[in-house]
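Enquirer: Top to bottom, those sequences are chains A and B.
Taking full-length UniProt numbering, the leading residue of the first sequence gets 1, the next gets one more, and so forth.
Taking full-length UniProt numbering, the leading residue of the second sequence gets 1, the next gets one more, and so forth.
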Amino acid sequence: MSEEKKKPTPEEKAKAAAAAKAAAEAKRKRMEAGAAQSAQGDASAEAPSNTSEAGTEDIAKAKADAAAKAKAAAAAAKAKAAGETGGDADAKAKAAAAAKAKAQGATGGDDAKAKAAAAAKAKAQGATGGDDAKAKAAAAAKAKAAAAAAAKAKATGGATGAEAEEPKKPSPKQPVLDKIVKVITEKFGTDVLEDSYINELSEHIPTLIVKREKWHEVARFMHDHEELAFDYLSLSLGVDYETYMESLVYLYSYKHRNNVCVKVKVDRDNAKVSSVMDIWAGADWFERETYDLLGITYEGHANMKRILLPDTWVGHPLRKDYVQYDEEV
Amino acid sequence: MSSSTKLRTEEMLLNVGPQHPSTHGVFRLIVKIDGETITEAIPVIGYLHRGTEKLAEDLNYTQIIPYTDRMDYIAAMTNNYMMVHTVETLMGLEIPERAEYLRVIVMELQRVASHLLWFGTYLLDLGALSPLLYAFADREKILAFFNELCGARLTYNYMRVGGVKWDAPEGWIEKVKEFVPYMRKQINDYHKLVTGNEVVINRLTGIGVITQEDAINYSLSGVQLRSTGMAWDLRKDAPYSIYDRFKFEVPTETAGDCFARYKIRFREMQESLNIVEQALEQFPKEGEIMAKVPRVLRTPQGEAFTRIEAPRGEIGCYISSNGKDKPYRIKFRRPSFANLQVLPKLVKGQNIADMVAILGSIDIVLGEVDG
Numbered sequence: 001m002s003e004e005k006k007k008p009t010p011e012e013k014a015k016a017a018a019a020a021k022a023a024a025e026a027k028r029k030r031m032e033a034g035a036a037q038s039a040q041g042d043a044s045a046e047a048p049s050n051t052s053e054a055g056t057e058d059i060a061k062a063k064a065d066a067a068a069k070a071k072a073a074a075a076a077a078k079a080k081a082a083g084e085t086g087g088d089a090d091a092k093a094k095a096a097a098a099a100k101a102k103a104q105g106a107t108g109g110d111d112a113k114a115k116a117a118a119a120a121k122a123k124a125q126g127a128t129g130g131d132d133a134k135a136k137a138a139a140a141a142k143a144k145a146a147a148a149a150a151a152k153a154k155a156t157g158g159a160t161g162a163e164a165e166e167p168k169k170p171s172p173k174q175p176v177l178d179k180i181v182k183v184i185t186e187k188f189g190t191d192v193l194e195d196s197y198i199n200e201l202s203e204h205i206p207t208l209i210v211k212r213e214k215w216h217e218v219a220r221f222m223h224d225h226e227e228l229a230f231d232y233l234s235l236s237l238g239v240d241y242e243t244y245m246e247s248l249v250y251l252y253s254y255k256h257r258n259n260v261c262v263k264v265k266v267d268r269d270n271a272k273v274s275s276v277m278d279i280w281a282g283a284d285w286f287e288r289e290t291y292d293l294l295g296i297t298y299e300g301h302a303n304m305k306r307i308l309l310p311d312t313w314v315g316h317p318l319r320k321d322y323v324q325y326d327e328e329v
Numbered sequence: 001m002s003s004s005t006k007l008r009t010e011e012m013l014l015n016v017g018p019q020h021p022s023t024h025g026v027f028r029l030i031v032k033i034d035g036e037t038i039t040e041a042i043p044v045i046g047y048l049h050r051g052t053e054k055l056a057e058d059l060n061y062t063q064i065i066p067y068t069d070r071m072d073y074i075a076a077m078t079n080n081y082m083m084v085h086t087v088e089t090l091m092g093l094e095i096p097e098r099a100e101y102l103r104v105i106v107m108e109l110q111r112v113a114s115h116l117l118w119f120g121t122y123l124l125d126l127g128a129l130s131p132l133l134y135a136f137a138d139r140e141k142i143l144a145f146f147n148e149l150c151g152a153r154l155t156y157n158y159m160r161v162g163g164v165k166w167d168a169p170e171g172w173i174e175k176v177k178e179f180v181p182y183m184r185k186q187i188n189d190y191h192k193l194v195t196g197n198e199v200v201i202n203r204l205t206g207i208g209v210i211t212q213e214d215a216i217n218y219s220l221s222g223v224q225l226r227s228t229g230m231a232w233d234l235r236k237d238a239p240y241s242i243y244d245r246f247k248f249e250v251p252t253e254t255a256g257d258c259f260a261r262y263k264i265r266f267r268e269m270q271e272s273l274n275i276v277e278q279a280l281e282q283f284p285k286e287g288e289i290m291a292k293v294p295r296v297l298r299t300p301q302g303e304a305f306t307r308i309e310a311p312r313g314e315i316g317c318y319i320s321s322n323g324k325d326k327p328y329r330i331k332f333r334r335p336s337f338a339n340l341q342v343l344p345k346l347v348k349g350q351n352i353a354d355m356v357a358i359l360g361s362i363d364i365v366l367g368e369v370d371g
């Protein structure tokens, strides 16, 4: 019975999306109605703009709106650039909810917040991002909505207790990421890296997405090159994202005291990726475990057999569409 | 076996385990021996695999905590922390001081308890019975503290996302304070009685040697890594919780053999007691033991991997979240699993009688190896 939960049909997804959209629409209308009542007494903000709507209130609103839109659009463009497709409705709804929640957190300027939330929401739904891209879109929309709300609050003079958030500071690990990317692209050109970013949720770890075909060469290079010197493999694992799979390694350099996460995207039906066991001997059992539980075959591994489950086991349990094999059925 | 006397030997297959006391659980080792020399060893694991990672995908974060108890059941407190730490990192939670101190105190006591159990069983493996009796008596005292704190001797389920479940009962802190000097004296006594023993020295020196380069390449961590001269301890080098507030040493040895690992574990117990003592002194008189967390814990969408220093090495937890109250994918980096894969390399060419000494020095827990 849990199968239904695991595999949402396109209809269900569409339904969920429609529901989320309707909710957001209703919310936006409500917010605007509320704003119409209370928007009168606000002081004027700077108004350099071109909108035909009457009143400085509306102009400020439009500005916040535009800002959030622009940011969300940038995130969407990025998602597209990464060439990712698919994604589930609730994640997108989440992006909108995050933006909305943040906007509600600050005091004053209700309408701007509502607009920002709605705009972020609309854009997020338009984006066809994978999980990472979506996460980024969420973060970006959130930050922008907060900034817009704060700016608005200041403009209306009602900024009691509203903490104007600073524009996002660059991560302390940004130089590390830049260096790694620079060294790798100098050797291999820019097209071996599909993406590189700082994963702020995971203690700002620099994260790379490497092309599957090039992974073994890049891995060898990252291990041997003295400016990178990633000599320790902390963990190797796989994740099934339903439309594709990821094989990840977490590396550490005892020499430079840096860590990095490297992902390789793997096709789900033909899940194969180069083994790095010949580079980091410690990858041996981790890769066997990933093969056993997720069905990612590591090519070049000396002993690609099941490790935890019996050799006769059917299927790979950590795949999201796994159904336990039963002889009697 | 001198080669000059043309003695004909045959390769023999010896099956050790999975039901064998020296394997400390259900670990099977297929050993090929030539005379008394091991030519190849093939570990077979998975007898205790319970699919924790699969089960956890259908559980919310609080429900997963007791499952972590059952992986490394010798050091369940650190396992608890490993899991909640990752969720807290994802959620960006601030943990109240008092909870942090309680966590550090129990985790360091746990390290002592874990090393004591290792000490007792390791010498039992080597043929000395009495150290086990002493070590277990002292370990039991620590387990009694845990029992008083959370009602369980081994599977504590003590930590929560945002803090700990139970506050220290009245008089508990004072009792632990009294226990620390006692334990220190006991460890010194064990050290005097056993470490200098000629049999122990002869059986452990130069056995199961690993170089620093190999140790890093094989993803070894904890005592295994430190026995090769690498002063690496996540408590010191990448401090989590409040470990940056305590003064302690990271014991290292350079020989990389079983005796080096033996000596390091002894010194680590003393260092852990130092930390416990400092934590008890700084322990806040009052305060919350739980941060303000929502009733239903939801992690933001994204992924995180954090690692901490467990008694057996680097333990870590990876969570990929899709914003729900359950992890989309959870993965544990289990130090016993990673450390055990070097065993075939360590025992190759060694005498069959040393195999148990080498296996014991790795200090594995099969619940953790098999996940």
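Even for Gly, the Cβ is constructed at its ideal location relative to N, Cα and C.
(1) Whose C-alpha, out of A:Arg288, A:Asn259, A:His223 and A:Ser253, is nearest the C-alpha of A:His301?
(2) Comparing alpha-carbon positions, which option in B:Glu271, B:Leu225 and B:Ala279 lies nearest B:Thr254?
(3) Using 8 Å as the cut-off, can you tell me whether the stretch 168-176 of chain B makes contact with the stretch 294-304 of chain B, which would need three or more C-beta pairs spanning the two stretches below that distance?
(4) Can you give me the Cβ contacts of A:Lys214 inside the same chain, cut-off strictly under 6 Å, excluding the 5 residues immediately before and after it?
(5) If you draw a straight line from the C-alpha of B:Gly229 to the C-alpha of B:Thr211, how long is it?
(6) Would you give the residue range spanned by the beta strand (DSSP E) that A:Tyr322 belongs to?
(7) Measure the C-alpha to C-alpha separation of B:Ala152 and B:Asn15 and round it to an integer number of angstroms.
(8) Answer with yes or no whether the minimum CB distance from A:Glu84 to chain B is below 9 Å.
(9) Less than 7 Å between C-beta atoms, sequence neighbours within five positions excluded: which residues of the same chain meet that for B:Pro66?
(10) Please report how far the alpha carbon of B:Leu109 lies from the alpha carbon of B:Leu129, in whole angstroms.
(11) Quick test of your reading: B:Ser221 and B:Glu314, contact by CB under 8 Å. State the CB separation rounded to the nearest angstrom.
(12) What does DSSP give as the partner residue(s) for B:His20 in the beta ladder?
(13) List, in order along the chain, the chain B residues whose C-beta lies closer than 7 Å to that of A:Tyr232?
(14) Check the Cβ of A:Gly282 against every Cβ in chain C and list those closer than 9 Å, keeping chain order.
(15) Should B:Arg312 be labelled buried (16 or more other beta-carbon atoms within 10 Å of its own) or exposed?
(16) Taking the continuous beta strand (DSSP E) assigned at A:Met245, which residues delimit it?
(17) How many angstroms separate the CA atom of B:Gly35 from the CA atom of B:Ile207?
(18) Pairs of beta-carbons, one from the stretch 313-328 of chain B and one from the stretch 190-198 of chain B, closer than 8 Å: are there three or more?
(19) Buried or exposed for B:Asn188, please, with buried defined as at least 16 other CB atoms from any protein chain shown within 10 angstroms of its CB.
(20) B:Ile352 to B:Thr37, Cα distance in whole Å?
(21) Indicate whether the contact test is met: 3 or more Cβ pairs, each with one atom in the stretch 57-77 of chain B and one in the stretch 242-253 of chain B, closer than 8 Å.
(22) Taking the straight line between their C-alpha atoms, what separation do you get for A:Leu233 and A:Val249?
(23) Kindly indicate which residue of A:Glu200, A:Lys182 and A:Asp178 has the alpha-carbon position closest to the one of B:Leu90.
(24) I'd like the span of the beta strand (DSSP E) that includes B:Ile275, first residue to last.
(25) Per DSSP, what kind of secondary structure is B:Leu117 in: helix, strand or coil?
(26) So, using beta-carbon positions, are B:Glu288 and B:Arg160 closer together than 9 Å?
(27) Using the beta-carbon count (16 or more within 10 Å), is A:Ala99 buried or exposed?
(28) Quick one: using the 10 Å Cβ neighbour count with 16 as the cut-off for buried, is B:Arg8 buried or exposed?
(29) B:Asn79: buried (16+ other C-beta within 10 angstroms of its C-beta) or exposed?
(30) What does A:Val239 reach in chain B if we use C-beta pairs closer than 7 Å?
(31) Could you tell me the alpha carbon to alpha carbon distance between A:Pro170 and B:Leu149, rounded to whole angstroms?
(32) Put A:Glu227 into one of helix, strand or coil per three-state DSSP.
(33) Does B:Pro21 come within less than 9 Å of chain A when only Cβ atoms are used?
(34) Assuming B:Phe337 is part of the alpha helix (DSSP H), what are its boundary residues?
(35) Compute the Euclidean distance between the alpha carbons of residue 332 of chain A and A:Ala283, then round it to the nearest angstrom.
(36) Roughly how many angstroms separate the alpha carbons of A:Ser196 and A:Asn259, rounded to a whole number?
Expert: According to the structure data:
(1) Along the first sequence, read from residue 1 onward, the residue named residue 301 of chain A stands at position 301. Ranking A:Arg288, A:Asn259, A:His223 and A:Ser253 by Cα distance to A:His301 puts A:Arg288 first.
(2) Counting from one through the second sequence, the residue named residue 254 of chain B turns up at place 254. It is B:Leu225.
(3) In short, these stretches do not touch, since the Cβ pair count stays below three.
(4) Locating residue 214 of chain A in the first sequence gives position 214, where the first residue counts as 1. Contacts found: Val192.
(5) Position 229 of the second sequence, counted from the start, is the residue given in the question as residue 229 of chain B. Position 211 of the second sequence, counted from the start, is the residue given in the question as residue 211 of chain B. When rounded, the distance between both Cα atoms is 9 Å.
(6) Position 322 of the first sequence, counting from 1, holds the residue named residue 322 of chain A. DSSP places A:Tyr322 in no beta strand (DSSP E); its state is neither H nor E.
(7) In the second sequence, residue 152 of chain B corresponds to position 152, counting from 1. In the second sequence, residue 15 of chain B corresponds to position 15, counting from 1. Those two C-alpha atoms are separated by around 36 Å.
(8) The residue you call residue 84 of chain A lines up with position 84 of the first sequence. Summary for A:Glu84: the model assigns pLDDT 44, below 50, so the residue's position carries little reliability; its value from the coordinates is reported in the next sentence. Residue-level contact by beta carbon fails for A:Glu84 and chain B, as no gap is shorter than 9 Å.
(9) Within the second sequence, residue 66 of chain B is the residue found at index 66, counting from 1. The beta carbon of B:Pro66 sits closer than 7 Å to the beta carbons of Thr155 and Asn157 from its chain, once the five residues preceding and following it are set aside; these are given in chain order.
(10) One-based indexing of the second sequence puts residue 109 of chain B at position 109. One-based indexing of the second sequence puts residue 129 of chain B at position 129. Taking the straight line from one Cα to the other gives about 24 Å.
(11) The residue given as residue 221 of chain B occupies position 221 in the second sequence. The residue given as residue 314 of chain B occupies position 314 in the second sequence. Confirmed, about 4 Å.
(12) Your numbering for residue 20 of chain B matches position 20 in the second sequence. DSSP links B:His20 through a beta bridge to B:Gly25.
(13) Taking the first sequence and counting its residues from 1, the one referred to as residue 232 of chain A is at position 232. Simply Ile216 and Ser219.
(14) Judged by its chain identifiers, the structure shown contains no chain C, and its protein chains are A and B.
(15) Residue mapping note: residue 312 of chain B aligns to position 312 of the second sequence, counting from 1. B:Arg312 comes out buried.
(16) Within the first sequence, residue 245 of chain A is the residue found at index 245, counting from 1. Per DSSP, A:Met245 belongs to the beta strand (DSSP E) from Met245 to Ser253.
(17) Position 35 of the second sequence, counting from 1, holds the residue named residue 35 of chain B. Position 207 of the second sequence, counting from 1, holds the residue named residue 207 of chain B. Taking the straight line from one Cα to the other gives about 18 Å.
(18) A contact is defined here as three or more CB-CB pairs under 8 Å, and the stretch 313-328 of chain B fails this definition with respect to the stretch 190-198 of chain B.
(19) Against the second sequence, residue 188 of chain B aligns to sequence position 188. Its Cβ having fewer than 16 others within 10 Å, B:Asn188 is exposed.
(20) The residue you call residue 352 of chain B lines up with position 352 of the second sequence. The residue you call residue 37 of chain B lines up with position 37 of the second sequence. Rounded to whole angstroms, B:Ile352 to B:Thr37 spans 6 Å at the Cα level.
(21) Contact between the stretch 57-77 of chain B and the stretch 242-253 of chain B is absent, because fewer than three Cβ pairs lie under 8 Å.
(22) Looking up residue 233 of chain A in the first sequence gives position 233. Looking up residue 249 of chain A in the first sequence gives position 249. Approximately 7 Å between the Cα atoms of the pair.
(23) Here residue 90 of chain B refers to the residue found at position 90 of the second sequence. Ranked by Cα distance from B:Leu90, the options A:Glu200, A:Lys182 and A:Asp178 are led by A:Glu200.
(24) Position 275 of the second sequence holds residue 275 of chain B. No beta strand (DSSP E) contains B:Ile275, which is instead part of the alpha helix (DSSP H) from Cys258 to Gln282.
(25) Taking the first residue of the second sequence as position 1, residue 117 of chain B is located at position 117. Per DSSP, reduced to three states, the secondary structure at B:Leu117 is helical.
(26) Within the second sequence, residue 288 of chain B is the residue found at index 288, counting from 1. Within the second sequence, residue 160 of chain B is the residue found at index 160, counting from 1. Not a contact, by the Cβ cut-off of 9 Å.
(27) One-based indexing of the first sequence puts residue 99 of chain A at position 99. Note on A:Ala99: pLDDT 47, under 50, position unreliable in the model; the coordinate value appears next. Residue environment: A:Ala99 is assigned as buried (16 or more neighbouring CB atoms within 10 Å of its CB, all protein chains considered).
(28) Position 8 of the second sequence, counted from the start, is the residue given in the question as residue 8 of chain B. Result: exposed.
(29) Indexing the second sequence from 1 puts residue 79 of chain B at position 79. Of the other Cβ atoms in all chains shown, 16 or more fall within 10 Å of the Cβ of B:Asn79; this residue is therefore buried.
(30) To locate residue 239 of chain A, count along the first sequence from 1; it is residue 239. Under the 7 Å cutoff, chain B gives Ser320 and Arg329.
(31) Here residue 170 of chain A is taken as the residue at index 170 of the first sequence, counted from 1. Here residue 149 of chain B is taken as the residue at index 149 of the second sequence, counted from 1. If you take the alpha carbons of A:Pro170 and B:Leu149, they lie about 43 Å apart.
(32) Reading the first sequence from its first residue, position 227 is the one you call residue 227 of chain A. DSSP, reduced to helix, strand and coil, places A:Glu227 outside both helices and strands of the structure shown, so it counts as coil.
(33) Here residue 21 of chain B is taken as the residue at index 21 of the second sequence, counted from 1. At a cut-off of 9 Å between beta-carbon atoms, B:Pro21 makes no contact with chain A.
(34) The count along the second sequence starts at 1 and reaches residue 337 of chain B at position 337. In the DSSP assignment, B:Phe337 falls within the unbroken alpha helix (DSSP H) covering Pro335 to Leu340.
(35) Residue 332 of chain A falls outside the range modelled here, since chain A spans only 1 to 329, and no answer is possible.
(36) Taking the first sequence and counting its residues from 1, one reaches residue 196 of chain A at position 196. Taking the first sequence and counting its residues from 1, one reaches residue 259 of chain A at position 259. So the alpha carbons of these two residues sit roughly 14 Å apart.
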